[in-house]
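Asks: Right, I'll just put the structure down here and ask away after.
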Amino acid sequence: MSAIVPYDLYGKSILVTGGTGSFGRVFVRRVLKEFAPRRLVVLSRDEFKQFEMAASINGSNVRYVVGDVRDQSRLGRLFSGIDVVVHAAALKQVPTAEFNPIECIRTNVLGAENVINAALDAGVERVVALSTDKATNPINLYGATKLCSDKLFIAANGLGGENGTRFSVVRYGNVVGSRGSVIPFFEERRASGTLPITDPRMTRFWITLERGAEFVIQVLSMMSRGEIFVPKQPNMRMVDLARAIAPECAQQIIGIRPGEKIHEVLIPADEARHTLEFDDFFVIVPAFHEAWGTKPPQTYAGQVGKPVATGFEYRSNDEADRLSTAELRSLIYPQAATTAAPDQPRR
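The numbering used here applies: residue 360 is where the sequence shown begins, and numbers increase by one.
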């Protein structure tokens with residue numbers, strides 16, 4: 360199959376669920392700067408966050424709308440006339456999900472179903488859903504709900520027909536600068552002189568908000584149907600992150616918390632047979648594409664994908680992609696860095 364024709368966001372109507380979150384703010388700002396959308400709808404539950412965001416991000420083509428992905432009828436009205444949906448709404452805190460499992464399921468799973476049904480009914484052209492490394496071989500409820508969400512979005516491609524709505528997923532790890540990041544927590548604890556570390560071996564994938572938003576825009580152009588797109592991203596040790604933020608502080612080992620892993624995985628070994636590698640990203644192609652009457656392309660972004668080795672895993676403990684303490688510091692505090700830290704792994 361030939362390369363995918365680039366998808367033009369100019370003149371499109373775009374809706375972002377969870378649009379007042381950290382990702383939504385960066386994505387909306389970037390789309391407004393680089394494109395001229397006919398309409399950009401920011402959907403979220405929190406009117407105060409919308410008020411704050413509207414103070415700095417506004418325009419005649421920007422709409423702030425209060426609503427919840429749990430509300431199917433509300434989505435049905437809001438999706439009318441929308442061309443592109445980026446689904447970023449989710450309950451993301453692992454402890455919150457463990458103690459409030461039904462609420463997490465209602466937002467992350469049933470909310471995903473509502474987004475899918477609304478997009479199909481309204482004839483939305485493309486939907487990209489944001490996922491997480493915790494959806495891979497999940498051991499906590501949050502990860503399990505996001506795995507279920509991923510499966511729903513992939514399977515939805517069989518509901519709209521050959522010319523119906525296209526659904527794909529973007530999966531990445533911890534985000535520098537997001538509200539749920541450990542960085543603000545470490546900065547708050549800095550004055551105490553001690554930073555808590557769950558386990559000295561713990562590693563995590565790391566990506567900036569800007570790179571995450573950029574990659575979603577790229578995926579809107581690349582997506583065919585049902586792929587999971589995984590950007591290549593560096594990893595770090597939590598102990599190095601603590602040193603980058605507060606080198607003067609002692610580190611106290613407090614033990615791993617329920618639902619946490621020592622290392623995260625973005626591509627499990629069982630998915631290797633469906634995975635293609637490109638210069639800056641991986642694509643997990645859908646296993647059920649034949650049932651949809653389609654064949655996934657081998658070419659994305661003008662590149663021909665290379666199948667990964669049998670048993671390949673994309674893990675956060677790969678030292679070849681490890682960020683040093685100095686590189687972490689320049690990512691977290693770029694204004695203080697003399698040279699830019701790499702936002703891509705050094706493969």
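Here a beta-carbon is modelled for each residue, glycine too, at the ideal position from N, C-alpha and C.
Using the Cα positions of residue 637 and residue 659, report the straight-line distance between them to the nearest angstrom.
Replies: Roughly 8 Å separates the two Cα atoms.
Asks: I'd like to know if the segment 572-592 and the segment 628-642 are in contact, where contact means that at least 3 CB-CB pairs between them fall below 8 Å.
Replies: They touch, by the three-pair rule.
Asks: Locate the alpha helix (DSSP H) running through residue 472, then write down its first and last residues.
Replies: Taken as a continuous stretch (DSSP letters only), the alpha helix (DSSP H) holding residue 472 covers 470-481.
Asks: Alpha carbon to alpha carbon, how far is residue 570 from residue 656? Give it in angstroms, no decimals.
Replies: Spanning the two alpha carbons is a distance of roughly 24 Å.
Asks: Would you mind working out which of 444, 536, 596 sits nearest residue 527, comparing C-alpha positions?
Replies: With distances taken between Cα atoms, residue 527 lies closest to 444.
Asks: From the DSSP output, in three-state form, read off residue 602 for me.
Replies: Three-state DSSP puts residue 602 in a helix.
Asks: Based on Cα-Cα distance, which residue from 503, 515, 480 lies nearest to residue 490?
Replies: It is 503.
Asks: With which residues is residue 632 paired in a DSSP beta bridge?
Replies: The partner list for residue 632 (beta bridge, DSSP) is empty, contrary to what the question assumes.
Asks: Between residue 667 and the rest of its own chain, which residues show a CB-CB distance below 6 Å, the 5 nearest in sequence each way excluded?
Replies: So the list reads 631, 634, 636, once near-sequence residues are dropped.
Asks: On the three-state DSSP scale, how would you describe residue 362?
Replies: In this predicted model, residue 362 has a pLDDT of only 44, less than 50, meaning its place in the structure is not dependable; the value taken from the coordinates is given anyway. Of the three classes helix, strand and coil, the one that applies to residue 362 here is coil, per DSSP.
Asks: When you compare only the Cα positions, how much space is there between residue 579 and residue 551?
Replies: One C-alpha to the other measures close to 45 Å.
Asks: Counting only runs that start and end within the segment 519-607, where is the beta strand (DSSP E) found for 3 or more residues in a row?
Replies: If we require 3 residues or more, the beta strand (DSSP E) runs fully inside the segment 519-607 come out as 525-531, 533-535, 553-556, 562-567, 587-590, 594-596.
Asks: Pull the bridge partners of residue 666 from the DSSP assignment, please.
Replies: Looking at the DSSP assignment, residue 666 forms a beta bridge with 635.
Asks: Measuring alpha carbon to alpha carbon, tell me which residue in 615, 384, 402 is nearest residue 415.
Replies: Looking at the Cα atoms, 384 is the closest of the given residues.
Asks: Terminal residues of the continuous alpha helix (DSSP H) containing residue 488?
Replies: No alpha helix (DSSP H) contains residue 488, which is instead part of the beta strand (DSSP E) from 485-491.
Asks: Can you tell me which of the three DSSP states residue 611 falls into?
Replies: Looking at residue 611 - three-state DSSP - the assignment turns out to be strand.
Asks: From residue 533 to residue 564, what does the alpha carbon distance come to, in whole angstroms?
Replies: Taking the straight line joining both Cα atoms gives about 6 Å.
Asks: Quick one: what's got a C-beta closer than 7 Å to residue 428's C-beta in the same chain, skipping five residues either side?
Replies: Closer than 7 Å at Cβ, skipping near neighbours: 376, 434, 448, 466, 470, 473, 474.
Asks: Tell me whether residue 644 sits in a helix, a strand or coil according to DSSP, three-state version.
Replies: The answer is coil: DSSP assigns residue 644 none of H, G, I, E or B.
Asks: To which residues does DSSP link residue 384 through a beta bridge?
Replies: DSSP output for residue 384 lists no bridge partner at all.
Asks: Using the Cβ count rule (16 or more neighbours within 10 Å means buried), how would you classify residue 407?
Replies: Classification for residue 407: exposed.
Asks: Using the Cα positions of residue 615 and residue 572, report the straight-line distance between them to the nearest angstrom.
Replies: Straight-line Cα distance between these residues: approximately 31 Å.
Asks: For my contact list, residue 675 and residue 623 are in at a C-beta cut-off of 8 Å; report their separation, rounded to the angstrom.
Replies: Indeed they touch by this definition, with Cβ atoms about 4 Å apart.
Asks: Give me the Cα-Cα distance between residue 516 and residue 493, rounded to the nearest whole angstrom.
Replies: For residue 516 and residue 493, the distance between alpha carbons rounds to 23 Å.
Asks: Quick one: grab the DSSP three-state call for residue 659.
Replies: If DSSP states are grouped into helix, strand and coil, residue 659 belongs with the strands.
Asks: Express the C-alpha separation of residue 410 and residue 423 in angstroms, rounding to a whole number.
Replies: Their Cα atoms are separated by approximately 9 Å.
Asks: State the DSSP-derived secondary structure class of residue 495, mapped to helix, strand or coil.
Replies: Correct three-state label for residue 495: coil.
Asks: Just confirm the distance between the C-beta atoms of residue 621 and residue 561, as a whole number of angstroms; I'd bet it's less than 8 Å.
Replies: That pair is a contact at about 6 Å.
Asks: Could you give the first and the last residue of the continuous beta strand (DSSP E) run that contains residue 423?
Replies: Where residue 423 is concerned, the enclosing beta strand (DSSP E) stretches over 421-425.
Asks: Can you name, in chain order, every residue of its own chain whose Cβ lies under 8 Å from the Cβ of residue 628, other than the five neighbours on each side?
Replies: 670, 671, 672, listed in sequence order.
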